[in-house]
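Residue numbers (our numbering), protein chains in the order written: chain A, 37 to 597; chain B, 9 to 647. Just below is one structure, and these are the notes that go with it.
Below, the structure written as structure tokens:
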């Protein structure tokens, strides 16, 4: 292949890729536009950053159009874009839509609660969109380089967002802790990435999977396991899974409630998407050896660089007998290993989060531990899905679909909870649970909404959280992982304690004398915002088949059966 | 699918919930109006159930006493709800659930009437009360496991707040204890539900069974259903799971889908685990020793009307779950564990009675009497006395009928007892048994009613409590004489604590506690709640057949189905033995093989024809059992 041909095919690929990448492009454009509008006083006035950010995120969400792509009318076959760096399939579409929707909710919330009106409003909006862009990339990554870049791109703005309250010492401290911890985790993850790339000679996920299934790593099993665990460190940090959760309560306590809500939902959703991408990516080799981008069939002969040499190392030739069986064995072994690692991590995370939440007196810390516990719940279906991929691909895709449904429900629950905390903070200037005492007497509507959200987090029917728990537990039963199911079940009962504590304080306890009067009405803009987020939590029981179908559609292409 | 009963039953269940929206619009300070509207709603619900019960009225949703319908599921409707998980909006009623439905509506109405003394946050109280009623009605009508579970859990939250906000001094402790116990039970139940769901496969059922389980509306649509869910070809190993309780019963009784072992190779079967998990969940609600400890706290701290609901309705859900779900779906496990079930029942009876004897608080004594009385229910359900070779199910039927009767009777008497305790508590604000006395002189009408209701609870012949107790004790004799003797002995204990309490509270020369001036005769509102309970206590005691007419065909049907299952297990083994005997005449080997085949849990698949035969016989056989029951009843009348 000559240079010209290469350029031609790259151009063709890029044009096609850009079309699939439109929502992210809109985000990029909005960021640029926001930076430009800051330059002039007139544009600052006409186009305030929150308006631009809302419009940008809204447009991106509209273009992401899950209602078109996931309904089955448009084909959403798996397609690698940007020369195999990213992947575009139904899974991408689902997570992109969830992430953009969360971003939209967050920007609106920040506007209503006044967070983005401060002098650093433009910075704030830029950071949010930047983080959203990184998170979208996390959900689309198909290459270890992109994995690392996306994680960093999502993390760095998050560090700053946590410290956005400039005069607040706690906020700065939280930001510092988050950044230091994040940097450490990223370093470990990068090391793991380099080990894997070094062993397999590629950073392209399907190629890695193919080579691993060919047995390229059999001589370096220990190194491979180490590399896998190191990558898990980075992911566990983003997921705030035990034992890499220490930053989470501190960061949430220091950050403003709105930011904490955004991080707890969007950042976690993106990390879960990446977890699924990597876990499936490493353990499901494509049917045939993936071709390097420029190696179109007619031009194979001319390709000769280090990577293609690596692909023809002798291993392939020595393993001719029953190669497919051995491949399947190796893949199954990796899957079992990953299922156990993720399952144990999920069980520990879930139990620890729920136990630690019990002693908290600050509502944000309490919810921080709650998000840790929920990270555990949400890792459970991943473990179940991986465990089932060999024997029962349909069940595996249903398990992943359970995760997707839970993530969507979680958006409403956690954004709702943090929004309520933010509005109450605006009213009374406190985030201590004790100061919520007796709220029911002055603001009954809000207490009903908050209680519904908290009980939904427990997973009580008929609230939305129950549907999430049900599908996750269903996946575990299908996979036969009863031990994890019992852990999840017992944890549900434990978690009741601390959620109920908040409800009890709000409804049973007398109002404290030291607190300024608290009258929140539902018929106000914050009230409507809370209602909009609570309504799906309460009403989803009526019909959730459609959402589950979307989640199912999103997972079919990933598992690929 | 044509569902004539869809809207009537939906309206019945969700009317209270819909009425809460109306309540929200009413002015917050007009307590009287809010209470009246709520009472009106509960009255409508009760009247609707009564109309459904009346013979001679035909319409979309009514309970038919015709011979060919009375034992079956009636007024069934189903609508596909969540097709991804085969979840259906599926309701119906039979002789087991319908009396409990009427009881729920009845107690709900009386409890709302008893709510007039509530003056704190009346609007919130009424809203929660009506939501609770929707949950209770739904549990008894739901035939889809998912729907059942949702209704089951929907009751939790209102109950928690009703105890926690309007309760007594230790209300928060009692409320959270209630909540935690029930939640733990229901989480176990959820696990069992999912286990059953993922191991079920509807395609193995015969055409008749599919129709009987309402998977398809009629014989004509079976073929269409089969082609939509093919059992061969490419989709052969894609099972068709189900949450349909009736279908799960069929699967549990006629296939071996729930007989595989889980957790470990060769370990206990799926149905064994499902039974244990479900049974724990239900028995927490009943409640039986050792998971009963939430009940005395919840009862004592709850306000009077909520205590009535708790004792009158919520406890019955445990028993209902056992008879509707545990036994029919997991017969093998139920048979293996019959002793455990009976033992738990008897321990509850004895423990509850002794504990009641020791109480100083009037309400706590009544609460422990509930533990004791519900022990009869568990015992009556558990006496699986139909064994080889005769498979005589008469005594087990007697036990189950007794248990069901006991549930209704206890619903009336214990709700009455809690109400009557509440009446004096409202006046003198204490409940210490030792600080009463001489109420007969000051409140003669009230004392007369109270003595009647307490005697009904005691099980005095001629009142409702007697029938259930005597049937259960009699049936237990055939299962185990020891258990029967112990349970008969409990009757003496019951008499002891109730008579002693009556003596200390109502008799004696003078009232010894505080606020003697407050002991005024009961008001018309109060007696209008107490009198219906008294009437039911007497009617059911004198003419129990009025209830058995509705109830026992379905109960017998359930028992017959289980005995059918049991017979299929045993003859299979026997027939096998005969063959071998003829061939080898080697007795030892036969026995060994028999034991082996039992321990392996090998189950024979019955031919559809055999099943059909079984169902028919169940409904047409004239069984000797009614005579024995009638004899008992006549005795009761004479006594």
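Glycine residues also receive a C-beta, built at the ideal position from the N, C-alpha and C atoms. Just so you know, these numbers come straight off a predicted model, no measurement behind them.
- At a cut-off of 8 Å between beta carbons, residue 309/B makes no contact with chain A.
- In the three-state DSSP reduction, residue 101/B falls in the strand class (E or B).
- Going by beta carbons, residue 559/B and residue 103/B fall inside the 8 Å limit.
- When 7 Å is used as the limit between beta carbons, residue 91/B is near these residues of chain A: 581, in chain order.
- Look at residue 478/B here: in three-state DSSP terms it is helix.
- Contacts with chain B (Cβ-Cβ distance below 7 Å) from the stretch 491-508 of chain A involve 491, 496, 497, 498, listed in chain order.
- With respect to residue 335/B, residue 570/B sits close: the two C-beta atoms are nearer than 8 Å.
- Look at the stretch 508-522 of chain A: the residues with a C-beta under 9 Å from a C-beta of chain B are 509, 510, 512, 513, 514, 516, 518, 519, 521, 522.
- Of the other Cβ atoms in all chains shown, 16 or more fall within 10 Å of the Cβ of residue 476/B; this residue is therefore buried.
- When 105/B, 268/B, 153/B, 162/B are compared, the shortest CA-CA separation from residue 555/B is found for 105/B.
- By alpha-carbon distance to residue 56/A, the top candidate from 42/A, 100/A, 585/A is 100/A.
- DSSP, reduced to helix, strand and coil, places residue 122/A within a strand of the structure shown.
- When secondary structure is reduced to three states using DSSP, residue 325/A falls in the coil class, being assigned neither helix nor strand.
- Rounded to whole angstroms, the separation of the alpha carbons of residue 123/B and residue 78/B is 36 Å.
- If you keep only unbroken alpha helix (DSSP H) runs of at least 4 residues inside the stretch 261-326 of chain B, you get 278-293, 302-309, 312-317.
- Of the other Cβ atoms in all chains shown, fewer than 16 fall within 10 Å of the Cβ of residue 88/B; this residue is therefore exposed.
- DSSP, read as helix, strand or coil, puts residue 88/B in strand.
- Near chain A, meaning a CB-to-CB distance below 8 Å, the residues of the stretch 191-205 of chain B are 191, 192, 195, 196, 198, 199, 202, 203, 205.
- Chain A places a beta carbon closer than 8 Å to that of residue 162/B, counting this residue as a contact.
- Neighbours of residue 49/B in chain A, taken as residues at a C-beta separation under 7 Å, are lacking, since the least C-beta distance is about 20 Å.
- Secondary structure note for residue 294/A: its alpha helix (DSSP H) is the uninterrupted segment 293-298.
- Taking C-beta atoms as the reference points, residue 187/A and residue 210/A fail to come closer than 8 Å.
- Contact residues of the stretch 152-179 of chain B toward chain A are 154, 157, 158, 159, 160, 161, 162, 164, 165, 168, 169, 172, 173, 179 (C-beta to C-beta distance below 9 Å).
- Non-local C-beta neighbours of residue 113/B in its own chain, meaning closer than 6 Å and more than five positions away in sequence, comprise 53, 54, 57, ordered along the chain.
- By the rule that beta-carbons nearer than 8 Å mark a contact, residue 411/A does not touch chain B.
- When C-beta atoms of the stretch 156-166 of chain A are compared with those of the stretch 278-294 of chain A, fewer than three pairs fall below 8 Å, so the two segments do not count as touching.
- Of the candidates 238/B, 70/B, 564/B, 141/B, 564/B places its Cα closest to the Cα of residue 405/B.
- Our two residues, residue 149/B and residue 96/B, have alpha carbons roughly 13 Å apart in a direct line.
- Of the candidates 163/B, 196/B, 200/B, 153/B, the residue whose Cα lies closest to the Cα of residue 183/B is 163/B.
- The Cβ atoms of residue 319/B and residue 426/B lie closer than 8 Å to each other.
- Taking 8 Å as the CB threshold, residue 188/B lines the interface with chain A.
- Residue 448/A is outside the set of residues whose beta carbon lies under 8 Å from a beta carbon in chain B.
- One Cα belongs to residue 140/A, the other to residue 164/A, and the distance between them is close to 10 Å.
- Judged by pairs of C-beta atoms under 8 Å, the stretch 380-392 of chain A touches the stretch 414-428 of chain A, as three or more such pairs exist.
- Taking 8 Å as the CB threshold, residue 184/B lines the interface with chain A.
- Contact annotation, residue 145/B with residue 109/B: C-beta distance approximately 7 Å; criterion of less than 8 Å satisfied.
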